[in-house]
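The structure appears right after this line, and notes come after that.
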Amino acid sequence: MKIEAYVAGIGVLGPGLDGWPGSRGVLAGDRPYAPVPTVLPVPTLLSATERRRTGRVIRLALAIAAEAVAHAGLDASKLRSVFTSSTGDGQNCHELCETLAEPAPEISPTRFANSVHNAAAGYWSIATSAMQPSTVLCAFDGSFCAGLLEALVQVAVDEERILLVSYDADYPPPMFAKRPVPDAFGTALVLTPQREPGSLARLEARLCNEPFDRLTQPLEALRSSNPAARSVPLLRHLAIGAGARAVLEYLEGSSLAVDIEPCA
Amino acid sequence: MTPLVLSKFTATSCIGRGTEETLASIVGERTGLAPCRFETVRLDTHVGEVTDVDARGLSQEWHRYDCRNNRLAEIGLMQDGFAEAVEEAARRHGRARLGLFLGTSTAGILQTELAYRARDPVTGALPEGFDYAGTHNTFSVADYVRRRLRLEGPAVVVSCACASSAKVFGAAQRMIEARLIDAALVGGVDSLCLTTLYGFHSLQLCAAGPCRPFDVARDGISIGEAAAFALLERPSNSTTSDDVLLLGVGESNDAYHMSAPHPEGRGARLAMEAALLDAGLEPGAIDYINLHGTGTPSNDRSESHAVTSVFGASTPCSSTKGATGHALGAAGGLEAVISALALQNSLMPGGVNTEHVDETLTAHYIRHNRSAALTRVLTNSFGFGGTNCSLILGRAG
Chain A
97 MKIEAYVAGI GVLGPGLDGW PGSRGVLAGD RPYAPVPTVL PVPTLLSATE
147 RRRTGRVIRL ALAIAAEAVA HAGLDASKLR SVFTSSTGDG QNCHELCETL
197 AEPAPEISPT RFANSVHNAA AGYWSIATSA MQPSTVLCAF DGSFCAGLLE
247 ALVQVAVDEE RILLVSYDAD YPPPMFAKRP VPDAFGTALV LTPQREPGSL
297 ARLEARLCNE PFDRLTQPLE ALRSSNPAAR SVPLLRHLAI GAGARAVLEY
347 LEGSSLAVDI EPCA
Chain B
101 MTPLVLSKFT ATSCIGRGTE ETLASIVGER TGLAPCRFET VRLDTHVGEV
151 TDVDARGLSQ EWHRYDCRNN RLAEIGLMQD GFAEAVEEAA RRHGRARLGL
201 FLGTSTAGIL QTELAYRARD PVTGALPEGF DYAGTHNTFS VADYVRRRLR
251 LEGPAVVVSC ACASSAKVFG AAQRMIEARL IDAALVGGVD SLCLTTLYGF
301 HSLQLCAAGP CRPFDVARDG ISIGEAAAFA LLERPSNSTT SDDVLLLGVG
351 ESNDAYHMSA PHPEGRGARL AMEAALLDAG LEPGAIDYIN LHGTGTPSND
401 RSESHAVTSV FGASTPCSST KGATGHALGA AGGLEAVISA LALQNSLMPG
451 GVNTEHVDET LTAHYIRHNR SAALTRVLTN SFGFGGTNCS LILGRAG
């Protein structure tokens, strides 16, 4: 079975990368990459009550998911989804652990509910009324590849459109010293089984044991510093818009080779 | 889906290490729940603690992975000749053709909770020995198992709260269907920690005594822990009529609330219907339902509603959480193994602890074991974030 899909929409948000249209030139190398701290928008998809309950990671995931779905011109409620993240909500985790270190811990119910790795996927499904199957993955630094592989396999096996959302953000100290992810970065792709009028590119993937691609600086610093940014070699080729192959970092001894063929 | 065989399976929880002890507890209608004495936690609740998990750390070679969650994984892998069966499958199919799909909700976060008590008083730094990737990260359990069993195929953790280790069956089945792999180690490992004990307590969802799913006086969950594993492969000449097959997987979202189920079980119903569709079965083909049945008033009401809407009020069902407690991210895997044991032993497990079934819940809840030839069983797992998964298992013959 061919592990392939068409890219119908892209979302991206990270240091110096604010949305796909504004990031394309930078990723393609036409304009210099000038990283500035990631600015996360208020999640207008959520009700005011829910909005107050969301931290940086949920805002990041919702923003890129919404961008990709809007770019694809599809109805979010009809889309399956794969969310993938190494860290989940690091700030929330830190605050829970601080409280739990106290002699008689009393933690906030909202903080606990938000501590699940699938919190962002839960808020997304509530915000968009998406009842379609959704899964949430983690493979440490290989989390983007694990998510892309799961999404492509679902497209190939079940012949359904799917939304892939890959996101990771920084921990505060003291966790930061143990897992130094410097800033928030995320990317989302809408993938479809058939070529559609707005399709951007066809992707075909296979597992291999070749060394993964590294980029030139300063993009390599971004790629290697945030698990979700392991996607940047793929995004770069999508931005350039020419046929190419990206070998992405997955697990020790295993990479994911993706052939990219533009639709234009 | 094309059926797959569970060519080996095992479970370790508070009712036993391995399938023999687990089955004996089920046959004896015994609970493993006891008043919480875990770590420093002194909450008025019962837990399903696996005894002596911390009696021995991982060996020096695996020091960086040493934490309660990976110790429990290690204990689980060593039961029923499971690790040997994985080794044999890896040799048969090739190490890169065996995928690894594990569910967990909290992985080794206990290690981090302990580390936060041992911060440097001046700098606030965590202890030098704290290993983030080996113990805290959600992937740590899969990373440990992958290296421990020298697997070279795709590997991932599914972390969808309490549906995690049911959903791994779907992820594995799809990857086998796509022919990227030929076999899969699936399962779930979740272990007691302060986050979940104090967290469920903060939501007032912990029962004071042992949990009583579907009881008129049910008052919440009892948190448990487990390591449950299965090896999934395509049926072969060596598959016998006693073997258990994975026949269908159904997944859905409630799209309703982060920590409360939809009152009518809207998403739960969708998941069960999707599993039936995937298996190509009518509701009448299911002989017994192993419920998610956590024991909270709202969860059981929602699930009962959903079950009745799909199956009517006559299909026998029960929750085994009165025996095992709620193993959270490992619950789906644990209950898949219990469902497989039910099929092989012609036994519907009764709902331990439940004394007076809530008559306003219309599903046909059974409190005591029943002997009956079972052909197909459905098992439910639902989680925070409104994530749902139903599996259908059946006898091969």
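Residue numbers (the working numbering), protein chains in the order written: chain A, 97 to 360; chain B, 101 to 497. Just so it is clear, CB atoms sit at the ideal spot from N, CA and C, and this is done for glycine as well.
Selection from the options that minimises the alpha carbon distance to residue i
| i | options | result |
| --- | --- | --- |
| ASP266(A) | ARG257(A), LEU259(A) and PRO276(A) | PRO276(A) |
| GLY234(B) | ALA172(A), ALA324(A), LYS274(A) and ALA101(A) | LYS274(A) |
| HIS167(A) | PRO293(A), PRO323(A) and ARG302(A) | PRO293(A) |
| THR454(B) | ILE321(B), GLY412(B), ARG246(B) and ALA368(B) | ILE321(B) |
| ALA190(B) | SER404(B), ALA431(B), VAL268(B) and LEU285(B) | LEU285(B) |
Close Cβ partners of residue i (< 8 Å) along its chain, the five nearest in sequence each way excluded
| i | result |
| --- | --- |
| ILE356(A) | ALA297, ARG298, LEU299, LEU330, HIS333, LEU334, GLY339, ALA340, ARG341 and ALA342 |
Residue i: contacting residues in chain B (beta-carbon distance under 8 Å)
| i | result |
| --- | --- |
| ASN214(A) | SER259, CYS260, ALA261, GLY483, PHE484, GLY485 and THR487 |
| ALA157(A) | What ALA157(A) touches in chain B: nothing, since even the nearest Cβ is about 12 Å away. |
Amino acids of chain A, ordered along the chain, whose beta-carbon sits closer than 7 Å to that of residue i
| i | result |
| --- | --- |
| ASP243(B) | PHE236 |
| GLU277(B) | VAL253 |
| LEU370(B) | MET227 |
Cβ pair residue i, residue j closer than 8 Å
| i | j | result |
| --- | --- | --- |
| GLY218(A) | GLY485(B) | yes |
| PRO335(B) | GLY422(B) | no |
| HIS236(B) | ALA218(B) | no |
| ALA263(B) | THR487(B) | yes |
| ASN210(A) | GLY151(A) | yes |
| VAL113(A) | VAL178(A) | Sequence inspection shows Leu at residue 113(A); the Val mentioned does not correspond to that position. Cβ atoms of LEU113(A) and VAL178(A): not closer than 8 Å. |
| LEU202(B) | GLY118(B) | no |
| PHE230(B) | ALA215(B) | yes |
| ALA498(B) | ALA327(B) | Outside the displayed range of chain B (101 to 497) lies residue 498(B), so it cannot be described from this structure. |
| LEU156(A) | ALA280(A) | yes |
| THR151(B) | PHE329(B) | no |
| LEU376(B) | GLY348(B) | yes |
Interface partners of residue i on chain B, CB under 7 Å
| i | result |
| --- | --- |
| ILE203(A) | TYR298, GLY299 and SER302 |
| PRO270(A) | ARG219, GLY224, ALA225 and LEU226 |
| THR145(A) | Those do not exist, as THR145(A) stays about 11 Å from chain B at its closest Cβ, beyond 7 Å. |
| GLN250(A) | ARG274 |
| LEU192(A) | THR295 |
Cutoff 8 Å: residue i Cβ touching any chain A Cβ
| i | result |
| --- | --- |
| VAL256(B) | yes |
| SER409(B) | no |
| ASN399(B) | no |
| LEU345(B) | no |
| TYR232(B) | yes |
| MET358(B) | yes |
| PHE239(B) | yes |
| ASN353(B) | yes |
| GLY367(B) | yes |
| GLU325(B) | no |
| LEU198(B) | no |
| GLU364(B) | no |
| THR420(B) | no |
| LEU478(B) | no |
| ALA271(B) | yes |
| LYS267(B) | yes |
Near the ligand GDP: residue i beta-carbon under 7 Å from a heavy atom
| i | result |
| --- | --- |
| ARG137(B) | In terms of ligand content, the structure shown is empty, and the ligand GDP therefore cannot be addressed. |
Contacting residues, own chain, Cβ-Cβ under 7 Å from residue i (five flanking each side not counted)
| i | result |
| --- | --- |
| PRO135(B) | HIS146 |
| GLY324(B) | SER113, CYS114, VAL147, GLY148, THR424, GLY425, HIS426 and ALA427 |
| PHE272(A) | ASP266 |
| PHE308(A) | VAL343, LEU344, GLU345 and SER351 |
| ALA172(A) | VAL165, THR224 and ALA226 |
| ALA196(B) | GLU252 and GLY253 |
C-beta neighbour in chain B for residue i, strict 8 Å
| i | result |
| --- | --- |
| LEU303(A) | yes |
| LYS174(A) | no |
| ALA101(A) | no |
| VAL232(A) | yes |
| ALA209(A) | yes |
| GLY218(A) | yes |
Contacts that residue i makes with chain A (C-beta to C-beta distance below 8 Å)
| i | result |
| --- | --- |
| ARG217(B) | ALA197 |
| SER291(B) | Ordered by position in chain A, no residue passes the 8 Å Cβ test against SER291(B), which lies about 15 Å from the chain. |
| SER205(B) | VAL212 and HIS213 |
| LEU294(B) | LEU196 and PRO201 |
| GLU403(B) | By Cβ distance, chain A contributes nothing, its closest Cβ being about 17 Å from GLU403(B), past 8 Å. |
Close-in-space but distant-in-sequence residues of the same chain around residue i (CB under 6 Å, 5 per side omitted)
| i | result |
| --- | --- |
| ILE438(B) | THR420 |
| ALA473(B) | SER446 |
| GLU256(A) | ARG176 |
Chain-ordered neighbours of residue i on chain B, where CB pairs are closer than 9 Å
| i | result |
| --- | --- |
| ALA161(A) | Under the 9 Å cutoff, chain B gives no residues; its nearest Cβ is about 14 Å from ALA161(A). |
| GLY184(A) | THR238 and SER259 |
| ARG275(A) | TYR232, ALA233, HIS236 and ASN237 |
Under 9 Å by beta carbon: chain A residues contacting residue i
| i | result |
| --- | --- |
| LEU280(B) | MET97, ILE99, LEU245, VAL249, ARG302 and LEU303 |
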